[in-house]
Each structure stands twice: as structure tokens, then as C-alpha cells.
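Here the structure is laid out as C-alpha cells; the discussion comes afterwards.
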Amino acid sequence: GYRVSLQGNVFGRNHTYMTFPEYNPRKHIKLDPPLNIQSNATASKCQIWWSVWNVPWYLAEILQYELQYKEYSMSWEVALNKTLRSSLPQVEIEATELRSGIAYAARVRCKVSENENAYHSQWSEWSQTTVFQRADVPKVSEKILNTKTMQFIFIPLSFGTLLYLFWNCKLSSRRQKASSALTFPRQLLSFSHSIVCTMGILR
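For the sequence shown, the working numbering assigns the number 870 to the initial residue and increments by one for each residue that follows.
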């Protein structure tokens, strides 16, 4: 360890004040805040990642992080905090925790894990912020909607036309010769074939 003392001059006299008779730097660590925080939001989750700088490799593996996020227009005093269990510089937020159409801001800080006995540190300062917004759930394409609409319109119209042809042929058959009575089956068969072809195209 180290012996840290504070010296000063009071009323023309030099004085030495002992502050830490046994100072161990490993027990008084404060890291720099994380850098390059970024985010990517989709309809199901938001991914946030960052990097750390000027941290020895043996400390980088035992770091813990705390994420803080809030609605962009709100104060940090009402932000949500998450202490991350993993030492990896990344985290995911489920979409269920975010409101659709609302912009959010997030930041992160770090320190040596509290589970470590050889080192002890306080939280670093907060990083810069990243802003993100949950993506909306993709809507059904207009093409599919138009196809469904055409099917709902076309089917009733087809049956109505069939009924009209049937009624018209029935009246005509009373006034025409018996040979002309074969006209309706041909018309009905041709029209039915057109309906089948059209339905196939719609599908």
C-alpha cells in the first residue's frame, strides 16, 4: 500500500495531515465513462452497445454496468435503471417495455463488479446518451388488402349475376323455341369458367 499525507501552511506554520495511512489504489478505482454508445431499435427489441477506454484487460473482464433510460422529454430523475449482470458492453430492451411512437434516451456507467474482493471502485460518470424509438409493427401491404377487397366484392357480384342470368333465361325460354333453350347452359358454363379463372388470379 501507500501512505498518503496532506501538507499545508496555516498561519505561517507547516502542518502535515495524515489522510490515508494505508492507501491501496486497487480499493479506490474510478473508471472513465463508457464511450461510443449506440442503439438499434426494431419492432421486437432495442439493442444498445458501447465501448470502454483506458481500462486494463484484467478489469474489463470484471466490470459491471448500469443502464438508465427514459422517455426523451422526461427528466433523468424519473428514468428507469437496470444493473446488468453480464460484463459484456451491450444490453437488450424488450419492445414491451417501450411505448410505440415515443423517443427514448439511454446512457450507461460502469464500475468493478461488487463480487470482486481484490478491487473496489465507485461508479463512473454517465456516458453520453443515445436516442432511439421502437419501430412500428409492419402493416399488411396494400396489395394484399386490395386482393381481399376484390374477393369480397367479386363473390357476391358473381352470384347475383348468375341469378340474373338464370331468371332471364327462364323467361326467355317461354317465348323461344326449344332449341334456343340450350343457350343458357352454354352461357352458364362459360361464365363459371371465367369466375374460376378470376378467383385463381386473385389468389
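Built from N, CA and C at the ideal position, the CB exists for glycine as well.
Just so you know, these numbers come straight off a predicted model, no measurement behind them.
Neighbour-count burial assignment, residue i, 16 or more Cβ in a 10 Å radius
i: I1013; result: Because the pLDDT of I1013 is 47, which lies under 50, any placement of that residue in the model is unreliable, and the number read from its coordinates should be weighed accordingly. Exposed, since its Cβ has fewer than 16 Cβ neighbours within 10 Å.
i: F1001; result: buried
i: I906; result: buried
i: V917; result: The question names Val, yet the displayed sequence has Ile at residue 917. So I917 ends up on the buried side.
i: A929; result: exposed
i: K899; result: exposed
i: V879; result: exposed
i: L875; result: exposed
i: E1011; result: Here the model assigns E1011 a pLDDT of 42, short of 50, so the residue's position is not dependable, and the following value carries that caveat. The residue in question, E1011, is exposed, as its Cβ has fewer than 16 Cβ neighbours within 10 Å.
i: T885; result: exposed
i: V1009; result: Residue placement at V1009 is poorly supported in this model, since its pLDDT is 48, which falls under 50; the coordinates are not used for a value here.
i: V947; result: exposed
i: A1047; result: Here the model assigns A1047 a pLDDT of 48, short of 50, so the residue's position is not dependable and the matter cannot be decided.
Spatially closest choice to residue i from the options, by CA coordinates
i: Y934; options: W995, R872, T911; result: W995
i: P1003; options: Y941, R882, T888; result: Before going on, a small fix: residue 1003 reads as Arg here, not Pro. Residue Y941 is the option with its Cα nearest to R1003.
i: E963; options: P890, K899, A910; result: A910
i: N986; options: R976, P925, N878, N893; result: N893
i: S944; options: A974, I931, V981, E961; result: A974
i: G970; options: L875, C915, D1005, L936; result: D1005
i: Y988; options: Y927, R872, S908, D901; result: Y927
i: A972; options: Y938, S955, E946, K896; result: Y938
i: N984; options: S955, T888, Y871; result: S955
i: S990; options: T998, T885, S908, D901; result: D901
i: W992; options: V977, T998, T999; result: V977
i: V873; options: G881, N923, T888; result: T888
8 angstroms Cβ cutoff met for residue i and residue j
i: P958; j: W919; result: yes
i: C979; j: P903; result: yes
i: L953; j: L967; result: no
i: E961; j: K896; result: no
i: L949; j: S982; result: no
i: T999; j: S908; result: yes
Near the ligand COA: residue i beta-carbon under 7 angstroms from a heavy atom
i: T911; result: Among the components modelled here there is no ligand, and therefore nothing to report on the ligand COA.
Just list the alpha helix (DSSP H) runs in the region 906 to 937, keeping only unbroken ones of 4 residues or longer that don't cross its boundaries, in chain order.
926 to 929
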